[in-house]
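Number of protein chains: 2
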Amino acid sequence: MTLIATPQQMHFDAPLPLQSGASLRDYALSFETYGALNAQRSNAVLICHALNASHHVAGAYAGQENSQGWWDNMIGPGKPVDTDQFFVIGVNNLGSCFGSTGPMQVNPDAAQGQVYGADFPVVTVEDWVTAQARLLDALGIEKLAAVMGGSLGGMQALSWALQYPERAAHAVVVASAPNLTAENIAFNEVARRAIVTDPDFHGGHFYQHGVIPKRGLRIARMIGHITYLSDDVMNEKFGRQLREAVLGSAAGYRYSTQEVEFQIESYLRHQGDKFAEYFDANTYLLITRALDYFDPARSYGGSLTQALGRATCKFLLVSFTTDWRFSPKRSREIVKALLDNKRDVSYAEIDAPHGHDAFLLDDPRYLSVVSSYFDSISKEVAA
Amino acid sequence: MTLIATPQQMHFDAPLPLQSGASLRDYALSFETYGALNAQRSNAVLICHALNASHHVAGAYAGQENSQGWWDNMIGPGKPVDTDQFFVIGVNNLGSCFGSTGPMQVNPDAAQGQVYGADFPVVTVEDWVTAQARLLDALGIEKLAAVMGGSLGGMQALSWALQYPERAAHAVVVASAPNLTAENIAFNEVARRAIVTDPDFHGGHFYQHGVIPKRGLRIARMIGHITYLSDDVMNEKFGRQLREAVLGSAAGYRYSTQEVEFQIESYLRHQGDKFAEYFDANTYLLITRALDYFDPARSYGGSLTQALGRATCKFLLVSFTTDWRFSPKRSREIVKALLDNKRDVSYAEIDAPHGHDAFLLDDPRYLSVVSSYFDSISKEVAA
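Next comes the structure, spelled out in structure tokens:
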């Protein structure tokens, strides 16, 4: 049975003070819910999204084929996060371009009803969690059975455990890290420079010019895609295959610097083109910056152990061996810091070939680890 | 004693047929030599360069401080490749922008004395080696004591052993690979797309427009730099250090998506800016394509063992543990294929932290391996 998803929106009149010192005067959050909240309001699970995803986590929209949510293999009736047991909430983060208040929406402080564009304030993982907590207040949910996310979403789950230790019983942190390495920041920065130096960016106010910095967005997405895949899976999927071998050329090469020669080039160009059609350039800058800034140990002199001392919930961490963007080593740092604090931690390191993307894919061992973990949460909820 | 380097140029009137089927009507090669050719003409060593280097391999130009050649730590009097023993030749490859015939030079087939620009033909590693062999002919050198290169230069050294097995006694292949992986091609392709989609590229004929596609070149170089360094060395050198902590901000962040926040960003932007000032955009496309195309096993159904059967010289291969662009695994593939053919191979895998860049740096173990190897070549030459 396919779950039918229905997007909702909640408007918040109270200003949201941000970590930067700025504040959002008022804002709206797009969200979806799946399953039913029980009478004790104790079976809610919040799903946090990563860079280019949204509140549309599971199910499909009525009458729209191929509109499955981005984690539909994980969440739904009878799935690892079982919507027959849990009330699951997907929420779109502030600054995004999928419905919640962001750069594409009208700036209430602008004179002529202009959109925010580059004037949208910098938002952090902590700001997102604060906004998510207000959504839970509005939904009447005092405490989550679990908060869960992968990659940047995992950072939000971790931040929930630190900002609202009493409001989540479990945090499920998949393919994530306690902060970005210099290399990660470097990849984000190159992607941002590609966008910002695109002449169609116009300092972030391209909307008024009726253009979109598609060149920059394409490059940003191509870089991203390389880092989401492992070298092994790229070799397996594409290797050195040509898109089309040229007859009469000994090697089959067309000998061109600008035309597509290898399959991997064709794949990356296609991904870049698709992305530039739907993703907002200012959102890309904001979300990669939120990634760069997240670093709970920073205010504790770099001690992750001290930083995680505030957390009281139980944890499941999952990492994937070939993920070089958020490597298992980074998850183990979180595990160690939690164990230093004698917290209850489960950790699975999945030997998967798919790199960072593995957290979205159907690895049976991965899905079964999450499934077992949520089974035990389900028993706690029922008890 | 500082070696004084003197650039030279040799013009070739005979057309050079290229692998693509095109040919260069006539061409010039820039080169430098260090040390003296012995009476038997048996002590010549050819050095092949990688992406952004040139014929200026060692020594410095008279009256120009800080003009050391790119491998000056390796080559010179008393250095691992000792110019008191060997006659060392550095040569700039065709298509480059440092003196040899390339896209910035006048196209003899163009009507109005225009430069080649994007009409410069695609050149391959094999084409470069053919041109280098003609230079040796002109210099009266029948057989090299050794041919040596790192990265793309190592591919040329390997190709020498296959194209002219009788013309080199030793091939020294450092931090190289028998071909590029899909991931390597992917990084090259993103860099090329950044250049080609820069509005100032004008289809590769930007010279006539009086502009340079600097935005694209900057992005290309930033991507390159990330792949030359290891994650570890980036963390050690830059980590999450801010360029300048903001007073009054709890985390020290300035909360900006476009300004420099982290040291790694500052470093990459600086590298990109510098590169865009001196490197030619069409050369970047040509040289990355030569990297993509190199694949000696391709004409042997993918069998590197069969492909390397033609080689008869002795080999030294060196790789660096943290080099993820040309990992030790790739060097071991070459070693294995040579051993399958019962060739004489030495191999050193250096446990260095610096990533791909290590081949240019002063690691004492690395320099001593090369030094010992050339000592033994020196004895063969003297015998």
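Just so you know, the sequences run in chain order L and W. Sequential numbering from 1076 applies to the first sequence in the working numbering. Sequential numbering from 1076 applies to the second sequence in the working numbering. From the three backbone atoms N, C-alpha and C, an ideal C-beta is built for every residue, glycine too. The structure presented is a predicted model; accordingly, all values stated were derived computationally and were not measured.
Less than 8 Å separating the beta-carbons of residue i and residue j?
i       : j       : result
F1162/L : S1105/L : no
G1165/L : V1132/L : yes
R1293/L : D1348/L : yes
F1449/L : L1413/L : no
L1233/L : I1122/L : no
F1195/W : P1178/W : yes
L1360/L : T1332/W : yes
M1297/W : Q1231/W : no
A1137/L : I1079/L : yes
W1235/L : V1204/L : yes
E1340/L : E1258/W : no
V1200/L : F1369/L : yes
Where do the ends of the beta strand (DSSP E) carrying residue i lie?
i       : result
Q1346/L : Not the beta strand (DSSP E): Q1346/L falls in the alpha helix (DSSP H), residues 1338 to 1353.
V1166/L : 1162 to 1166
H1086/W : 1083 to 1087
H1245/W : 1245 to 1249
V1393/L : 1389 to 1395
G1224/L : 1221 to 1225
S1331/L : Taken as a continuous stretch (DSSP letters only), S1331/L belongs to no beta strand (DSSP E), as it is neither H nor E.
A1261/L : Where A1261/L is concerned, there is no enclosing beta strand (DSSP E), although the alpha helix (DSSP H) it sits in stretches over 1257 to 1271.
V1308/L : Element bounds for V1308/L: not the beta strand (DSSP E) but the alpha helix (DSSP H), 1306 to 1312.
Please classify residue i as buried or exposed, where buried requires at least 16 neighbouring CB atoms within 10 angstroms.
i       : result
S1289/L : A small correction: the amino acid at residue 1289/L is Lys; Ser does not occupy that position in the sequence shown. Classification of K1289/L: buried, given that the 10 Å Cβ count is 16 or more.
H1429/W : buried
S1226/W : buried
G1279/W : buried
H1431/W : buried
H1245/W : buried
V1249/W : buried
V1156/L : buried
L1366/W : buried
T1081/W : exposed
S1443/W : exposed
E1107/W : buried
H1130/L : buried
V1181/L : exposed
N1167/L : buried
T1077/W : exposed
N1254/L : buried
Take residue i and list the residues in its own chain whose beta-carbon comes closer than 6 Å to its own, dropping the five residues that flank it on each side.
i       : result
D1159/W : P1152
A1252/L : F1401, R1405
Y1441/W : I1425
I1362/W : L1126
A1423/L : V1393, V1444
D1419/L : K1389
A1427/L : F1395, A1433, D1438
Between residue i and the rest of its own chain, which residues show a CB-CB distance below 8 Å, the 5 nearest in sequence each way excluded?
i       : result
I1287/L : D1275, F1281, A1351, A1356
N1416/W : T1380, L1383, G1384, A1386
F1337/W : F1313, R1315, Q1316, L1317, R1318
Y1330/L : S1324
P1240/L : R1385, A1386, T1387, C1388
Y1102/W : H1086, F1087, L1091, L1169, S1175, T1176, A1206
E1455/W : A1220, A1244
Can you give me the start and stop residues for the alpha helix (DSSP H) that residue i sits inside?
i       : result
L1414/L : 1403 to 1415
L1211/L : 1200 to 1214
E1319/L : That residue, E1319/L, is in no alpha helix (DSSP H); it is neither H nor E in DSSP.
F1449/W : 1439 to 1457
I1298/L : 1289 to 1303
Y1109/W : Counting along the chain, Y1109/W falls outside any alpha helix (DSSP H), though it belongs to the beta strand (DSSP E) covering 1102 to 1109.
L1379/L : 1379 to 1383
Tell me, to the nearest whole angstrom, how far the beta carbon of residue i is from that of residue j; I am working on the premise that it is less than 8 Å.
i       : j       : result
G1188/L : H1124/L : Rounded, the Cβ-Cβ distance is 29 Å, inconsistent with contact.
I1301/L : F1262/W : 6 Å
S1095/W : A1220/W : The pair is not a contact, with the Cβ atoms about 32 Å apart (cut-off 8 Å).
Q1397/L : D1307/L : The residue asked about is misnamed: residue 1397/L is Thr in this sequence, not Gln. With a Cβ gap of about 6 Å, T1397/L and D1307/L count as contacting.
V1222/L : A1243/L : 5 Å
G1285/W : T1272/W : The Cβ separation is near 20 Å, so there is no contact.
What does a CB cutoff of less than 7 Å around residue i pick up in its chain, not counting 5 residues either side in sequence?
i       : result
P1092/L : S1098
A1463/L : It is not possible to answer for residue 1463/L, since the shown part of chain L is limited to 1076 through 1458.
A1295/L : A1266, A1269, I1270, Y1359
K1327/W : The sequence given here has Gly at residue 1327/W, not Lys. Correct list, in chain order: L1317, A1320, V1321.
L1042/W : Chain W is shown from 1076 up to 1458; residue 1042/W falls before or after that span and cannot be answered.
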